[in-house]
Amino acid sequence: MIEKLKAVSPWRRFTAQPGNVGAALRKNSQFLITLAVIALAATFMLSQGSGFAVRVIQLSAIFAILAVSLNLVIGYTGLLSLAHVGFFGIGAYSVAVLTTHPAYEQVPGHIRYFDWPFFAALPVGMLVAGVVALFVGGVLSRFRDDIFVLVTFGLAVIAHRVFLFWLPVTRGAFGIHAIEKPSIFGFVFDGKTEFMLLTLGFLALVVFVSWLVVSSSFGRVLMAIREDEGAIEVFGYKARNYKLTIWVISAMMAAVAGGLSASEQTYIDPQSFVLLESIFLVCIVILGGLASLVGSLLGALVFVLLMEGMRFIDFIPDALVGQGRLAILGILIVLLMVFRPQGLVGRYKL
148 MIEKLKAVSP
158 WRRFTAQPGN
168 VGAALRKNSQ
178 FLITLAVIAL
188 AATFMLSQGS
198 GFAVRVIQLS
208 AIFAILAVSL
218 NLVIGYTGLL
228 SLAHVGFFGI
238 GAYSVAVLTT
248 HPAYEQVPGH
258 IRYFDWPFFA
268 ALPVGMLVAG
278 VVALFVGGVL
288 SRFRDDIFVL
298 VTFGLAVIAH
308 RVFLFWLPVT
318 RGAFGIHAIE
328 KPSIFGFVFD
338 GKTEFMLLTL
348 GFLALVVFVS
358 WLVVSSSFGR
368 VLMAIREDEG
378 AIEVFGYKAR
388 NYKLTIWVIS
398 AMMAAVAGGL
408 SASEQTYIDP
418 QSFVLLESIF
428 LVCIVILGGL
438 ASLVGSLLGA
448 LVFVLLMEGM
458 RFIDFIPDAL
468 VGQGRLAILG
478 ILIVLLMVFR
488 PQGLVGRYKL
């Protein structure tokens, strides 16, 4: 035992000894990291005012729904997808088309809007995303590893072009304006605080459903597929069916985030669904940690704080804020891969 301890770093020796403070820190590291991130985030948000805090929580909830949906695929099957921005867009455009009032300015040849309530339009967006995911998933399930990533990259590009050039539905680069805010029984979620509570409610629902999935026997099979797909098929499990099922579930969750985003902004255009958004989403999942629902929440919170908080750093010129966000995010991911490859609270190393 002593010989083995000599071969590792002092920190590893310190935390490997049972019964001391180092061992306790190692055992509870995920809880401590979670607590530290939340405490720092709360301190910064409150220092900038309640309006900023509401904005950050609202955006974090939407990105967290996206991150949880993608983590079901990456973290629990080991398949790196860049296509979820497409399902995000499907949900957004479905809600936009179905909820916008028919009197809204039309482009020649454009379909008429429907003026549906948000809570009727969102399930339609989820259904459309699920059907599209089922169709493309039948093709994707044939591929693994690098080929899978390349195919999903192609799907993300195709989705953006569809949003840009399917003018009768999406209005292309003109975008869709005047998207209605959600309402139920006469109560309209048009205030920032009200909409924040709505997004948190949807986030809680998505996390609960995801927890039910991953903690079930279905979820355990998914994790087994991630470790060794060939071995699990020897026991009679159809890995392709399991991967396709979780793919469809995650796509429908991404559509929920899209619908909320469209309603929150009351305007969407194809630039909201470029490939860069897919890369951001993957970064959030990696940052928080693979196969960790809590990690997805923390990753989204850190990402949004980085994106929004840079505006309050006085010594950075406004013209460089956008580039600075990307640079800091890149540095953060590199440092994580070097010092904590499993992410903040992840269960697996990338």
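Just so you know, we're using our numbering here: the sequence shown kicks off at 148 and counts up by one.
Quick reminder that beta carbons are idealized off the backbone N, C-alpha and C, glycines included.
Query: Please name the residue in Arg494, Val441, Pro417, Thr190 whose C-alpha comes closest to that of Leu314.; Result: Pro417
Query: So, His231 versus Ala447, is the Cβ gap smaller than 8 Å?; Result: no
Query: So, with DSSP's three-state summary, where would you put Ile415?; Result: strand
Query: Report the partner residues of Ile331 according to the DSSP bridge assignment.; Result: Phe334
Query: With burial defined as no fewer than 16 other Cβ atoms inside 10 Å of the residue's Cβ, what is the status of Gln205: buried or exposed?; Result: buried
Query: Whether or not the segment 270-283 and the segment 389-404 are in contact is what I'm after, with contact meaning three or more pairs of Cβ atoms, one per stretch, closer than 8 Å; do they touch?; Result: yes
Query: Which term fits Asn388, buried or exposed, when burial requires 16 or more other beta carbons within 10 angstroms of its beta carbon?; Result: exposed
Query: Hey, which unbroken runs of the alpha helix (DSSP H) at 4 residues or more fall wholly within the segment 422-450?; Result: 422-435
Query: Tell me the DSSP secondary structure of Ser156 in three-state form.; Result: At Ser156, the pLDDT of 47 sits below 50, so the modelled position is not reliable and the matter cannot be decided from this model.
Query: Tell me, to the nearest whole angstrom, how far the beta carbon of Arg373 is from that of Tyr223; I am working on the premise that it is less than 8 Å.; Result: 6 Å
Query: Would DSSP call Ile149 helix, strand or coil?; Result: Since pLDDT at Ile149 reaches only 42, below the 50 mark, its modelled position is unreliable, and the value read off the structure follows with that caveat. In this structure, Ile149 counts as helix in the three-state DSSP scheme.
Query: Are the Cβ atoms of Leu274 and Lys390 separated by less than 8 Å?; Result: no
Query: Okay, do the segment 331-339 and the segment 347-358 touch, 3+ Cβ pairs below 8 Å being the bar?; Result: no
Query: To the nearest angstrom, how far is the alpha carbon of Ala170 from that of Ser176?; Result: Here the model assigns Ala170 a pLDDT of 49, short of 50, so the residue's position is not dependable and the matter cannot be decided.
Query: With respect to the alpha helix (DSSP H) encompassing Ile258, which residues constitute its N-terminal and C-terminal limits?; Result: Run containing Ile258: none; DSSP gives neither H nor E here.
Query: Determine, using beta carbons only, whether Ala404 and Tyr495 come nearer to each other than 8 Å.; Result: no
Query: Could you tell me the alpha carbon to alpha carbon distance between Phe420 and Leu213, rounded to whole angstroms?; Result: 13 Å
Query: Under a three-way DSSP split, which group does Ile396 fall into?; Result: helix
Query: How many whole angstroms separate the CB atoms of Ser408 and Ala239, which I take to be in contact at a CB cut-off of 8 Å?; Result: 6 Å
Query: Helix, strand or coil: how does DSSP classify Ile326 here?; Result: coil
Query: If Thr246 sits next to Ala268, beta carbons under 8 Å apart, how far is it from one beta carbon to the other, in whole angstroms?; Result: 5 Å
Query: Under DSSP, the alpha helix (DSSP H) around Gln205 begins and ends at which residues?; Result: 197-224
Query: Determine the burial state of Thr346: buried for a count of at least 16 other Cβ atoms within 10 Å of its Cβ, exposed for fewer.; Result: buried
Query: Let's test the definition: count the other Cβ atoms within 10 Å of the Cβ of Arg259 and tell me whether it reaches 16, buried, or not, exposed.; Result: exposed
Query: Does DSSP put Tyr495 in a helix, in a strand, or in coil?; Result: strand
Query: Look up Lys339 in the DSSP assignment and say whether it is helix, strand or coil.; Result: helix
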